[in-house]
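Remarks on the structure that follows.
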Amino acid sequence: MNAAAKQHNWTTFLKVFSEQNLMRPTRIGVFEGEPDLMTDYWIENGLPLTGIAVDRQNGDGATVEIMLGDGTKADSRHMTHVVNGAWTIKIILSADAESDGLVIEDAERRMTVLRFED
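Going by this note's numbering, the first residue of the sequence shown is number 941, and it counts up by one from there.
Here it is in structure tokens:
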């Protein structure tokens, strides 16, 4: 099931989504190009979700920050993936919850996919 969030509700939607999925292991990829010539870049695998924030912008979409990491150890890894010019956000729910996540499309039609890996 896919459900799109309207832009005026993104802050609330992503706050609740982050709280419900806090510390779940993730995988992030970026897809760009036409369907027959799509290129995918998987840029992260296994870091837990620590939060998602939205910075509202006018005209060019919003900036969405996906924050990942495990702050419990001094040498822990962390990462923030930024999507500039975000236009749509879709939640993805699966029957087994293993493929749950988000798809964020930006103004240049790139799609960032956040998938949970539990």
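For glycine and all other residues, C-beta sits at the position ideal for the given N, C-alpha and C.
Beta-carbon gap between residue i and residue j smaller than 7 Å
i       : j       : result
Pro965  : Gly986  : yes
Ala1002 : Ala1035 : no
Ile1006 : Leu954  : no
Arg967  : Glu1045 : no
Leu989  : Leu1008 : yes
Inter-residue CB distance, residue i and residue j (contact presumed, cutoff 8 Å)
i       : j      : result
Met1019 : Glu972 : Not quite, the Cβ-Cβ distance comes to about 20 Å (not below 8 Å), so this is no contact.
Of the residues the options, the one placed nearest residue i, counting alpha carbons only
i       : options                              : result
Val994  : Asn961, Glu1045, Val1022 and Phe1056 : Val1022
Lys1030 : Leu977, Asp1010, Met963 and Val1004  : Val1004
Glu974  : Met1051, Trp982 and Asp1000          : Met1051
Val970  : Asn961, Asp1058, Arg1049 and Glu1057 : Arg1049
Asp1000 : Thr952, Thr1028, Asp980 and Ser958   : Thr1028
Three-state secondary structure (DSSP) of residue i
i       : result
Asn961  : coil
Leu977  : helix
Asn942  : Legend: pLDDT at Asn942 = 43, less than 50; position of this residue unreliable, value from coordinates given subsequently. Asn942 falls in the strand class under three-state DSSP.
Leu1054 : strand
Lys955  : helix
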